[in-house]
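Student:
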Amino acid sequence: MNRWSRRIRGARLAVVAALVWAVLPQVATAQAASDPCGAGSNPIVCENSKPGSPMSDWFAPNAYGDIRGFTTKESVQAGDTVQFKVQSPVPYHIEIYRLGWYGGDGAREMSTATQAAVTYPANYSTKPASCTTKSSTGLVDCGSWPVTATWTVPSDAVSGLYIANLSQNNDDGLMPYPFVVRNDSSTSDMVVQTSDQTWQAYNDYGGQDLYGGAGPAPDGRAYEVSYNRPLDIGGDNGIYGSEYMMLSWLERNGYDVSYLSGVDVSSTSGATLLKKHKVYMSSGHDEYWTQSQYSNVLAARKAGVREAFFSGNEVFWKTRLAPSIDGTNTADRTLVCYKMTKMAQNNGVADPSGIWTGTWMDPASTQYGQNYQPPNILTGSMFQVNGYRSDAITVPGSYGKNRIWRNTSIAGLTSSQTATFPTGTLGYEWDSDIDNSTRPAGAIDVSSTTVDINDAKLRMDWGNVYGNGTATHNLVEFRDQDSGALVFGSGTVQWSWGLTNVPTSNPADTVVTEDSRMQQATVNILADMGIQPATRQSNLVAASASTDTTGPAVTVTSPASGVTVPALKPVTVKGTASDSGGGVVARVEVSTDGGTTWKAASGLTSWSYTWTPTTPGPATIKVRAVDDSVDIGAVTTVPLTVGPQACPCTVWPASAVPGTVNAGDGSSVELGVKFRTTATGSITGVRFYKSPANTGTHTGSLWSASGTRLATGTFTGETASGWQQLNFATPVPVKANTTYVASYFAPNGGYSYDGGYFAAGDAGLAPLTALKSGTDGGNGVYHYGATSAFPSSQSSGSNYWVDVVLDTSTASTTPPTVSSTSPTSGATGVSITAPVSATFSSAVDAGSLTFTVKGPDGSTVPGATTLPVSNKATFTPSTELALNTTYTASVQASDLWGNAMADPVTWSFTTSSTPPAVTCPCTLWNSGTVPATTDMTGDPNSVELGTRFTSSADGWVTGVTYYKGTGNTGTHTGSLWSDDGTLLASGTFTGETASGWQTLTFATPVAITAGTAYVVSYHAPNGNYAVDGGYFAAAHQSYPLTATADTTAHHNGLYKYGTGSAFPDGSYGSANYWVGPVFTADNPSASLSTANASEVTASSVTHTADAASALVMAVPGKAAVSSVKATVTILRGSKAARKLHVTAVVSYDRTTHKVSVHLSAPLPDGTRFTITVTAQDKHRHPVTSRSWTLTSKTVRKQKN
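First residue of the sequence shown? That's 6 in the working numbering, and the numbers climb one at a time after it.
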């Protein structure tokens, strides 16, 4: 607030006045009648012919100093007495002025010199008198202040907006206070209403206003404010922001005008007062309206009063008037507005009266017994862009031929040219022509200005949320359909900035620039409303009212009458229009709902409109045109039929728009919809409606009803808002009458939302519908989280505007066939470990697949069926098949669209008679296998983790292997256990890497028996283990090893929490903890040796003549030798020795593991021979052989 002394103020205003006179033409008005005040003269012309007061004497854009005061009434009639309640620390006086033109001075002093010279005494020293307060609402009412001065309005005073300058005698303070002098008997051409409710809404005297401060609302605002308060009238929201410029221009041009306050228009006599005039005008920032004010203005229009809304942000907050609380209970001195729209954000409470006092446009108002009454019913526009903005109105050349622009340069623009008005004329808040259900019939736009709003000033909901985006402003005209009264809406607070060079306090001391195009347009508008200026500026051209009463004719060239069009597919309606009444076509409108609503076509004389029919059956297209006199022409009708929906198709057409584009939730969330089809087809993609706040990278997914993700992808090439579409890399076939879920992930929220949407019924048309809540659970599903996940949480039928694209053209109607099998039918010698598979002619549905293998006795072989590719099914037995056995396989399935094979296909094969070779060392998983979850980061606890397994062959476990994630730190031990928990071997892992597969080798291998279950485990002291849930729902096989399936009788995926290693006997969710045995079929330590044997050491062997000497050797370790053989080969000796059939006789001691070899007969001395010993372990695998080359020597027995 500027606080300058009167001397400084005078100096500054002298400069302002000089500037005003420098830019205003000294002779700028047509000459009035020789006696402007003669009989029957226009009171405004007469009044403005009188000498004005220099602006330097009276103009102060803001109050300053310490004087405070107000009038006890907002308006008075001529002859009434105005009472002033003033508080001042020094003596003061009061100067009263009437605002107008006055040759450019802008005001005339109405108080006489004597009255202005009266000095009133000071009445406070430190602070003004206290006021009555109401803490529950923040109301501050200073009506208890005493009346300190009065002024009797002269009986001949001309209706107008008056200013009482409450001036400290020391020139250090001044408060201008406005009031209206009305004339209730006036029948002036025009009546201008002040925006006094808005002045008081922004008046924070006492510490709060309807926006903020120390009031009781969560944001500090008050719920009630009083007219009984001092008022700072400057700024955006006072009379010097824009209202003064309008009235100054009107009076400059001699319009026959009188004035009323907003309180007057709200009164019970308001409608009667308005009906006495041809034109009603609202100007400036006319934001706050009562219901009676709205109703009275609407009633006046219905009675034929033309209405000019040269205002913006108008009719936004609904208010009510209440009595004062100063003890006098004076009516209409309290302005009430609880701003109940803010309750949607828990910002405030409801008006205790039960009356809605929120925004006029908020549909929630209907919950309080109020009819839905958005402002565009009254003014043609709705508030869209918040302040402070200083944009410029533009008029593209395509609008130039409209009669509003007659006699301006705009009328000569080409279609590629655009006229731009002065900066600030579109501001400081402005409206848009909203194409909603309450848009006035036949309303036309006569300008268009599109602005990118990047300072978070764009209205996003009904009056709470503001953000960025694009907004379009239009000047609007329409006629009342009952009375024919013309209505104009400027949709901007500061239209008057283009009418005058008078300074404004917004910003301080700004001198606006008058624009002759805007002045002429205003003359044109008022002329069409039936009123003329008496002292029109000489640079402006006289305008007359339109005589055109015939609307344009339209012709529809497409579609043809009687055709059938598919539902939910865009139909282009096109044709021509022409006006024969002397005007131009200003708008072409199309109705597809029988004339209930009308939408603008694109183009004028040649036009088109895109319509998406939503309901099959008979339909009618209606088309009409409106000319620039706002005459609506005759309706042209085209009957047709809407047929079934054709696919590719969606639930919602591209023209569908959410009721709430931005729900205002910034959380990361997956949002989805449940849907079904009545026909088979493929889902080719996912769509969602995007608000400007819905930022970030979006992914889309298709799910089964149980949560299996069927397809996913990332949206690319998104626009800032509107429908976005993702096309899957591969379309996903879907079955008829089956529930699926489509979803998208919004990392920053900002999603669209309509609550309760699916409560009433399905959405969409056959063959694709989103389900009514209650059909297969609730609809409108979601999941909050940092990443995409199945949206399993159900809302109460909310629509999050997620959609799918269905294509029925690729669906098959033929069941699949089996094109090949493995093994083939009749095959023999089949490996007992080989899987059994069947390949189909087309992709099949895994859920429909049945695959069995039966033995010769009809028993079913246990195993798992998988579908590794969409058209090939594989059955893997849980264990090896039996040798030399005939099995019968059977398979049956439906394709992805539900076409089922009538009968199963069966075939037989016979297994090999010999087991397959075992290639080991081996384990359950190869080194390239990586778990899906390598680190269970949420579990850092010390735990033993294990796997139950069997082997199809006898062999040895030589160690343990496990998969290590980077978080799985510490010293790890590995163990082998019998199935009942007996520890068979253990050891410590050494030389580990940071991650990947780790291996421990036991000091001594452990022999295991085929078909017997064992448990292998490792201990993770710091948790963070690898895990895959559900893995052991089926057995995992890697011949000859099998990790058994998790069953009730024999669990798998084992664990035990504790600080030390222990047998893991717990299980959960068939999880795989990625630990396995290292197995070998060959005994890694079994070999024949002569260690510790009673073997001859010389190169010859001695034996008794009658018996062979024993050759003794050992098999070390605990390897079980099942058979030992020895052979004798004679290398050199006598011919007789070579003829001998000497064999080796072998004996094996299983306790000492010693082998003894004896010759079956003595050899002649000197015979050189070789003995070779071979052996097999218990698995019939060979053990390393040994050979000895010896020479025989006979030793005779000594006789005793």
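For every residue, glycine included, the Cβ atom is placed at its ideal position computed from N, Cα and C.
Would the beta-carbon of TYR210 fall within 7 Å of that of ASN242?
Tutor: For this step, residue 210 is matched to residue 205 along the sequence shown. For this step, residue 242 is matched to residue 237 along the sequence shown. At the C-beta level, TYR210 and ASN242 stay beyond 7 Å of one another.
Student: Expressed to the nearest angstrom, what Euclidean distance is found between the alpha-carbon atoms of THR865 and TYR892?
Tutor: Translated into the one-based positions of the sequence shown, residue 865 becomes position 860. Translated into the one-based positions of the sequence shown, residue 892 becomes position 887. Answer to the nearest angstrom: the Cα atoms are 10 Å apart.
Student: Between the stretch 249-267 and the stretch 493-507, do three or more beta carbon pairs fall short of 8 Å?
Tutor: yes
Student: Measuring straight from C-alpha to C-alpha, what distance separates ASN753 and ASP759?
Tutor: One-based indexing of the sequence shown puts residue 753 at position 748. One-based indexing of the sequence shown puts residue 759 at position 754. Their backbone Cα atoms lie some 18 Å apart in a straight line.
Student: Taking contact to mean at least 3 C-beta pairs separated by less than 8 Å, is the stretch 600-611 in contact with the stretch 572-585?
Tutor: Yes, the stretch 600-611 touches the stretch 572-585.
Student: In this structure, what does DSSP give as the bridge partners for HIS788?
Tutor: Sequence index remark: in the sequence shown, residue 788 carries index 783 (1-based). Looking at the DSSP assignment, HIS788 forms a beta bridge with GLU675.
Student: Are the beta-carbon atoms of VAL570 and ASP633 separated by less than 7 Å?
Tutor: What you label residue 570 is simply residue 565 of the sequence shown in a count that begins at 1. What you label residue 633 is simply residue 628 of the sequence shown in a count that begins at 1. Against a cut-off of 7 Å, the Cβ pair of ASP633 and VAL570 comes out as no contact.
Student: Give, in chain order, every unbroken run of the beta strand (DSSP E) that is at least 3 residues long and sits entirely within the stretch 884-949.
Tutor: 891-897 and 910-916
Student: Name the DSSP bridge partner or partners of ALA162?
Tutor: In the sequence shown, counting from the first residue as 1, residue 162 sits at position 157. BP columns for ALA162 are empty, so no partner.
Student: Pull the bridge partners of VAL230 from the DSSP assignment, please.
Tutor: For the purposes of this step, residue 230 is taken as residue 225 along the sequence shown, with counting starting at 1. According to DSSP, which records beta bridges pairwise, VAL230 is partnered with LEU340.
Student: Using DSSP with H/G/I as helix, E/B as strand and the rest coil, what is LEU1195?
Tutor: Indexing the sequence shown from 1 puts residue 1195 at position 1190. Strand at LEU1195.
Student: Just mark THR829 as buried or exposed, buried being the case when its beta carbon has 16 or more other beta carbons within 10 Å.
Tutor: Against the sequence shown, residue 829 aligns to sequence position 824. Per the 10 Å Cβ criterion, exposed.
Student: The alpha helix (DSSP H) with ILE536 in it runs from where to where?
Tutor: Translated into positions along the sequence shown, residue 536 becomes position 531. Neither: ILE536 is in no alpha helix (DSSP H) and is coded neither H nor E.
Student: Determine the closest residue to PRO649 out of GLY220, ASN667, THR683 and THR1196, with distance taken between C-alpha atoms.
Tutor: As a working mapping, residue 649 is identified with position 644 in the sequence shown. Considering only alpha carbons, the answer is THR683.
Student: Does any C-beta atom of chain C lie closer than 7 Å to the C-beta of VAL746?
Tutor: Within the model displayed, chain C is absent; a lone protein chain is all it includes.
Student: How many Å lie between PRO223 and THR346 at the Cα?
Tutor: Position 218 of the sequence shown, counted from the first residue, corresponds to residue 223. Position 341 of the sequence shown, counted from the first residue, corresponds to residue 346. Rounded to whole angstroms, PRO223 and THR346 show a C-alpha spacing of 14 Å.
Student: I need the boundaries of the beta strand (DSSP E) containing GLN3, first residue and last residue.
Tutor: The chain is shown only over 6 to 1205; residue 3 falls outside these bounds and no answer can be derived.
Student: Among THR1179, THR1194, VAL1151 and VAL1178, which residue has its Cα nearest to the Cα of GLY1171?
Tutor: Start at 1 with the first residue of the sequence shown, and residue 1171 comes out as number 1166. Per the Cα distances, THR1194.
Student: If we call anything under 7 Å between Cβ atoms a contact, is VAL354 one with GLY669?
Tutor: Along the sequence shown, one-based indexing puts residue 354 at 349. Along the sequence shown, one-based indexing puts residue 669 at 664. No, Cβ-Cβ distance for VAL354 and GLY669 is not below 7 Å.
Student: CA-CA distance, LEU1046 and SER895?
Tutor: For this step, residue 1046 is matched to residue 1041 along the sequence shown. For this step, residue 895 is matched to residue 890 along the sequence shown. Looking at the two C-alpha atoms, the distance is approximately 26 Å.
Student: If you draw a straight line from the C-alpha of LYS579 to the C-alpha of PRO564, how long is it?
Tutor: What you label residue 579 is simply residue 574 of the sequence shown in a count that begins at 1. What you label residue 564 is simply residue 559 of the sequence shown in a count that begins at 1. So the two alpha carbons sit approximately 8 Å from each other.
Student: For VAL874, count neighbouring Cβ atoms within 10 angstroms of its own Cβ and tell me buried if that reaches 16, exposed if not.
Tutor: Here residue 874 is taken as the residue at index 869 of the sequence shown, counted from 1. Counting Cβ neighbours within 10 Å, VAL874 comes out exposed, since fewer than 16 surround it.
Student: Which residues does DSSP pair with TYR749 in a beta bridge?
Tutor: Indexing the sequence shown from 1 puts residue 749 at position 744. Residue pairing of TYR749 in beta bridges, as defined by DSSP: LEU676 and GLY705.
Student: Secondary structure at TRP410, three-state DSSP: helix, strand or coil?
Tutor: By 1-based counting over the sequence shown, the position of residue 410 is 405. Three-state DSSP puts TRP410 in a helix.
Student: At which residues does the alpha helix (DSSP H) containing LYS307 begin and terminate?
Tutor: If you number the sequence shown from 1, residue 307 lands on position 302. DSSP places LYS307 inside the alpha helix (DSSP H), whose first and last residues are 296-307.
Student: So is SER93 buried or exposed if we call it buried at 16+ other beta carbons inside 10 Å?
Tutor: Taking the first residue of the sequence shown as 1, we reach residue 93 at position 88. So SER93 ends up on the buried side.
Student: I need the straight-line Cα distance from ALA23 to SER61, nearest angstrom please.
Tutor: For the purposes of this step, residue 23 is taken as the residue at position 18 of the sequence shown. For the purposes of this step, residue 61 is taken as the residue at position 56 of the sequence shown. Unreliable placement is indicated for ALA23, whose pLDDT of 36 sits below 50; no coordinate value is reported for it.
Student: Under a three-way DSSP split, which group does PRO368 fall into?
Tutor: Start at 1 with the first residue of the sequence shown, and residue 368 comes out as number 363. In this structure, PRO368 counts as helix in the three-state DSSP scheme.
Student: Just the C-alpha distance for TYR433 and LEU531, rounded to the nearest angstrom, thanks.
Tutor: Position 428 of the sequence shown, counted from the start, is the residue given in the question as residue 433. Position 526 of the sequence shown, counted from the start, is the residue given in the question as residue 531. TYR433 and LEU531: Cα-Cα distance of roughly 24 Å.
Student: Give every residue of the same chain whose Cβ lies closer than 7 Å to the Cβ of ASP189, excluding the five residues on either side of it in the sequence, and list them in chain order.
Tutor: Taking the sequence shown and counting its residues from 1, one reaches residue 189 at position 184. The answer, listed in chain order, is GLN82 and LEU278.
Student: Return the bridge partner residues of PRO2 from the DSSP annotation.
Tutor: Since the first and last residues shown for the chain are 6 and 1205, residue 2 lies out of range.
Student: Kindly indicate the opening and closing residues of the beta strand (DSSP E) around THR419.
Tutor: In the sequence shown, the residue the question calls residue 419 occupies position 414. Taken as a continuous stretch (DSSP letters only), THR419 belongs to no beta strand (DSSP E), as it is neither H nor E.
Student: In its own chain, which residues sit with a C-beta less than 6 Å from the C-beta of ALA791, not counting the 5 before and 5 after it?
Tutor: Within the sequence shown, numbered from 1, the residue matching residue 791 stands at position 786. Excluding sequence neighbours, ALA791 sits near SER673.
Student: Rounded to whole angstroms, what is the Cα-Cα separation between GLY755 and LYS740?
Tutor: Within the sequence shown, numbered from 1, the residue matching residue 755 stands at position 750. Within the sequence shown, numbered from 1, the residue matching residue 740 stands at position 735. Between GLY755 and LYS740, the C-alpha separation is close to 33 Å.
Student: Check the C-beta distance from LEU854 over to THR879 and give it rounded, since I have them as a contact under 8 Å.
Tutor: For this step, residue 854 is matched to residue 849 along the sequence shown. For this step, residue 879 is matched to residue 874 along the sequence shown. That pair is no contact at about 10 Å.
Student: Could you give the distance in angstroms between the alpha-carbon of GLY769 and the alpha-carbon of TYR343?
Tutor: Here residue 769 refers to the residue found at position 764 when the sequence shown is read from its first residue. Here residue 343 refers to the residue found at position 338 when the sequence shown is read from its first residue. Whole-angstrom Cα-Cα distance: 40 Å.
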